[in-house]
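Residue numbers (this note's numbering): 142 to 254.
All remarks here apply to the structure that follows.
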Amino acid sequence: GFTLLGNKLFEMLGSPPPALYFSLANNKMPTCLGAWFLGNTIAQNMLSTGAFEVYYDGQIIFSKLKTGRLPQVAGIVRDMEKAIKEAAGRGKKAKLPSNAGDGLEATVEEDLL
């Protein structure tokens, strides 16, 4: 990304651009293509394992290995909300962030009894 932003990024950070920056900036097309190919290779390797599992508090929320399909966001959010409510029933304070529909982050605090 810094090859596309130019020197402005380093000016905002208050540091001089490193030597690698100039090499990448002078070769924007190969740099972008290389990053794109690398990203796709990593994504393909992650998908080829067949494993995609979501856990919350040690409980499995979704398993591609068990269901044989990729998850849907709505299903994961629903199952996460259920798991958080169950955790709250076991004596844990659980709360979803205000943007719970946008992400799957949750904050859980253990009660100290």
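Even for Gly, the Cβ is constructed at its ideal location relative to N, Cα and C.
Using a Cβ-Cβ cut-off of 6 angstroms (strictly less than) and excluding sequence neighbours within five positions of residue i, which residues of its own chain qualify?
{"i": "Ser204", "result": "Glu194"}
Identify which residue in the options has its Cα closest to the Cα of residue i.
{"i": "Ala228", "options": "Ile201, Ala176 and Phe151", "result": "Ile201"}
For residue i, which residues in the same chain have their Cβ closer than 8 angstroms to its Cβ, ignoring the five residues on either side in sequence?
{"i": "Ser156", "result": "none"}
I think residue i touches residue j, with their Cβ atoms under 8 angstroms apart; what is that distance to the nearest whole Å?
{"i": "Pro159", "j": "Asn148", "result": "With a Cβ gap of about 12 angstroms, Pro159 and Asn148 do not count as contacting."}
{"i": "Leu165", "j": "Thr172", "result": "5 angstroms"}
So, at 7 angstroms on beta carbons, what are the nonlocal neighbours of residue i in its own chain, with the 5 sequence-adjacent residues on each side left out?
{"i": "Ala224", "result": "Tyr197, Asp198, Gln200 and Ile202"}
Would you mind reading off the limits of the beta strand (DSSP E) that contains residue i?
{"i": "Ser164", "result": "Element bounds for Ser164: not the beta strand (DSSP E) but the alpha helix (DSSP H), Ala160 to Asn167."}
{"i": "Gln200", "result": "Gln200 to Ser204"}
Hey, quick one: how far does the alpha helix (DSSP H) through residue i stretch, first residue to last?
{"i": "Phe193", "result": "Looking at the DSSP string, Phe193 is not in any alpha helix (DSSP H), and its letter there is neither H nor E."}
{"i": "Leu150", "result": "Lys149 to Leu154"}
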